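A short write-up of the structure that comes next.
Protein chains in written order, with the numbering used here: chain A, 59 to 317; chain B, 10 to 209.
Structure representation (structure tokens):
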């Protein structure tokens with residue numbers, strides 16, 4: 059919503075030829091156009107210890123001579139060979155680079171990855187040369203050949219494996235709270251869980267013991283996050299699961315939990 | 010009318026007004042809940058001087074639980090709604106864009122924080138003749154700023170620009186507009202095109 063304000067400001071300052079691309083970057087991506095990033099993005103991610111995927115699209119010879127740290131080399135058969143290693147999280151930051159800016163290889167990989175639904179993919183605007191000539195660290199170690207992306211947890215978020223651990227081996231200090239509706243619970247429920255629908259949680263909060271850790275789940279994570287907020291605001295030691303839960307209709311008690 | 014009867018009428022009406030005032034005051038006091046507002050909203054609105062108002066950024070909503078989540082500064086508020094909740098400037102609650110500024114008039118209902126009214130911040134209208142499409146912009150970008158004689162400006166914060174922008178764009182965060190205008194603009198007539206993260 060900032061661009062119309064900026065345009066209005068420019069007009070007030072006397073600039074006469076002002077336009078607004080109101081639909082902005084999401085529309086630009088949707089129309090299938092390229093998006094570029096710069097060195098500062100990689101530095102910022104490193105500083106924040108954020109997760110990102112960096113793919114070097116140059117030839118094996120050039121990569122061996124030096125590449126940007128943490129880069130994964132593009133397989134000879136192209137980006138499709140890496141597809142299985144991409145995370146489920148479509149908002150993952152993905153940066154592709156060539157030798158000096160946008161190349162045929164980077165373009166091809168960009169369109170493929172965007173086509174898989176990733177909405178945070180970009181091409182490094184000045185490529186490896188731009189990185190090197192800016193005096194940034196260059197790695198001469200063998201570049202990785204596999205993507206190892208671990209999504210960083212949000213505040214309160216509990217890792218799926220930890221959650222599954224509690225399901226299998228209940229802890230006396232931890233309660234797993236299911237905040238789905240009664241109708242959903244009747245379709246299937248996880249073992250060792252307590253149900254209080256989210257819209258009743260505030261009123262029934264006294265039923266939740268204060269001296270235990272509460273981990274909340276629902277069907278997707280959306281309501282669980284809200285319940286986490288309610289519990290945290292009420293002084294609880296709480297966490298929540300962001301995962302999709304479904305039950306197998308044909309098999310009693312069978313369920314799938316995936317990120 | 011004697012002075013005395015005037016006095017009596019006067020005193021009586023005082024009493025009646027007084028009783029009404031007190032009753033009224035009690036009823037309102039019962040309903041008056043403190044305003045909670047994100048700092049960003051207080052730049053233009055005096056929500057801190059109003060009651061029963063919550064203003065912040067829309068985070069998420071669940072139709073299954075009739076709940077929505079609002080970010081107010083660093084905290085989150087969970088607010089319930091129902092069919093009686095009045096919604097302004099959005100087709101439905103789940104369709105409110107994430108991070109959009111929202112004002113809620115709230116009350117306590119059955120012990121829960123309940124939204125009587127949800128008002129989504131109105132977008133700023135851009136005159137049709139000022140709009141440019143992706144296609145028109147792509148043609149210009151293909152030519153480049155010199156041949157296409159334009160300057161493309163990204164109004165989002167610099168971190169967002171760094172991690173992904175339209176080719177040939179220059180980062181010009183809205184809050185640094187005045188500082189950057191002198192540096193970036195050479196004349197008054199060159200085509201300036203502004204964009205950001207869209208309508209949300």
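Yeah, the Cβ is synthetic: ideal placement off N, Cα and C, and Gly gets one too.
As the structure is a computational prediction, the values presented were derived from the model and not from experiment.
From the DSSP output, which residues share a beta bridge with residue i?
i, result
"residue 79 (chain A)", "B:204"
"residue 194 (chain B)", "In the DSSP output, where bridge partners are listed per residue, residue 194 (chain B) has none listed."
"residue 153 (chain A)", "A:112 and A:180"
"residue 76 (chain B)", "B:71 and B:89"
"residue 202 (chain A)", "A:130"
"residue 43 (chain B)", "B:60"
"residue 84 (chain B)", "B:81"
"residue 180 (chain B)", "B:163"
"residue 236 (chain A)", "A:253 and A:275"
"residue 193 (chain A)", "None; residue 193 (chain A) has no bridge partner."
"residue 94 (chain B)", "The partner list for residue 94 (chain B) (beta bridge, DSSP) is empty, contrary to what the question assumes."
"residue 169 (chain A)", "DSSP lists no partner for residue 169 (chain A)."
"residue 95 (chain A)", "A:182"
Taking its Cβ as the centre, do 16 or more other Cβ atoms sit within 10 Å of residue i, making it buried, or is it exposed?
i, result
"residue 300 (chain A)", "buried"
"residue 86 (chain A)", "buried"
"residue 216 (chain A)", "buried"
"residue 182 (chain B)", "buried"
"residue 53 (chain B)", "exposed"
"residue 101 (chain B)", "exposed"
"residue 124 (chain B)", "buried"
"residue 87 (chain B)", "buried"
"residue 28 (chain B)", "For residue 28 (chain B), the predicted model reports a pLDDT of 46, less than 50, meaning its position is unreliable and no value from the coordinates is stated."
"residue 244 (chain A)", "exposed"
"residue 104 (chain A)", "exposed"
"residue 237 (chain A)", "buried"
"residue 136 (chain B)", "exposed"
"residue 183 (chain A)", "buried"
"residue 66 (chain B)", "buried"
"residue 220 (chain A)", "exposed"
"residue 10 (chain B)", "Note that residue 10 (chain B) has pLDDT 49, beneath the 50 cutoff, so the model's placement of it is unreliable and the number below is only indicative. That one is exposed."
"residue 289 (chain A)", "buried"
"residue 68 (chain A)", "buried"
"residue 106 (chain A)", "exposed"
"residue 145 (chain B)", "exposed"
Please confirm whether residue i and residue j have their CB atoms less than 8 Å apart.
i, j, result
"residue 161 (chain B)", "residue 178 (chain B)", "yes"
"residue 175 (chain B)", "residue 204 (chain B)", "yes"
"residue 277 (chain A)", "residue 303 (chain A)", "yes"
"residue 168 (chain A)", "residue 205 (chain A)", "no"
"residue 210 (chain B)", "residue 111 (chain B)", "Outside the displayed range of chain B (10 to 209) lies residue 210 (chain B), so it cannot be described from this structure."
"residue 256 (chain A)", "residue 71 (chain B)", "yes"
"residue 298 (chain A)", "residue 273 (chain A)", "yes"
"residue 82 (chain A)", "residue 207 (chain B)", "yes"
"residue 197 (chain A)", "residue 127 (chain A)", "yes"
"residue 235 (chain A)", "residue 285 (chain A)", "yes"
"residue 68 (chain B)", "residue 59 (chain B)", "no"
"residue 97 (chain B)", "residue 62 (chain B)", "no"
"residue 89 (chain B)", "residue 126 (chain B)", "no"
Of the choices the options, whose alpha-carbon is the least far from that of residue i?
i, options, result
"residue 157 (chain A)", "A:117, A:292 and A:127", "A:117"
"residue 197 (chain B)", "A:191, A:79, A:242 and A:70", "A:70"
"residue 77 (chain A)", "B:143, B:185, B:151 and B:167", "B:143"
"residue 167 (chain B)", "B:97, B:185, B:86 and B:62", "B:185"
"residue 253 (chain A)", "A:282, A:230 and A:231", "A:282"
"residue 84 (chain B)", "B:116, B:74 and B:46", "B:46"
"residue 109 (chain B)", "B:170, B:117 and B:131", "B:131"
"residue 209 (chain A)", "A:263, A:148 and A:309", "A:148"
"residue 316 (chain A)", "A:305, A:309 and A:239", "A:305"
"residue 292 (chain A)", "A:262, A:81 and A:313", "A:262"
"residue 94 (chain A)", "A:308, A:151 and A:123", "A:151"
"residue 192 (chain A)", "A:310, A:101 and A:264", "A:101"
"residue 141 (chain A)", "A:211, A:172, A:89 and A:106", "A:172"
"residue 190 (chain B)", "A:62, A:73 and A:60", "A:73"
"residue 135 (chain A)", "A:166, A:110 and A:111", "A:166"
"residue 79 (chain A)", "B:155, B:68 and B:149", "B:149"
"residue 110 (chain A)", "A:178, A:250 and A:200", "A:178"
"residue 90 (chain A)", "A:175, A:308 and A:270", "A:175"
"residue 248 (chain A)", "A:154, A:267, A:223 and A:271", "A:223"
"residue 138 (chain B)", "A:296, A:75, A:187 and A:121", "A:75"
"residue 80 (chain B)", "A:308, A:310 and A:287", "A:287"
"residue 42 (chain B)", "B:82, B:118 and B:49", "B:118"
I'd like to know whether the C-beta of residue i is nearer than 8 Å to at least one C-beta of chain C.
i, result
"residue 151 (chain B)", "Although the question refers to chain C, the structure presented lacks it and instead comprises the protein chains A and B."
For a test of your reading of the model: does the CB of residue i fall under 7 Å from any non-hydrogen atom of the ligand ATP? Yes or no.
i, result
"residue 116 (chain A)", "Absent from the structure shown: the ligand ATP. Ligands present: none."
Taking only beta carbons into account, state which residues of the region 70-92 of chain A come closer than 7 Å to chain B, listed in chain order. 71, 72, 73, 74, 75, 76, 77, 78, 79, 80, 81, 82, 83, 84, 85, 86, 89, 91 and 92
Tell me which residues of the region 123-148 of chain B have at least one Cβ-Cβ distance to chain A shorter than 7 Å, keeping chain order. 132, 133, 135, 139, 140, 141, 143, 146 and 147
With 8 Å as the limit, tell me which residues of the region 194-209 of chain B have their beta carbon closer than that to any beta carbon of chain A; keep them in chain order. Correct list: 194, 197, 198, 199, 200, 201, 202, 203, 204, 205, 206, 207, 208 and 209.
Residues in the region 238-254 of chain A with C-beta within 7 Å of chain B's C-beta atoms, listed in sequence order? Taking 7 Å as the Cβ-Cβ cut-off against chain B, the residues of the region 238-254 of chain A that qualify are 239.
Which of the residues in the region 78-89 of chain B, read from start to end, lie with their CB under 8 Å from any CB of chain A? 78, 84, 85, 86, 87 and 89
Could you run through the region 104-115 of chain B and flag, in chain order, every residue whose CB is less than 7 Å away from some CB of chain A? none
Interfacial residues, the region 36-61 of chain B to chain A, with Cβ spacing under 8 Å: Legend: CB atoms of the region 36-61 of chain B lying less than 8 Å from CB atoms of chain A are not found in any residue.
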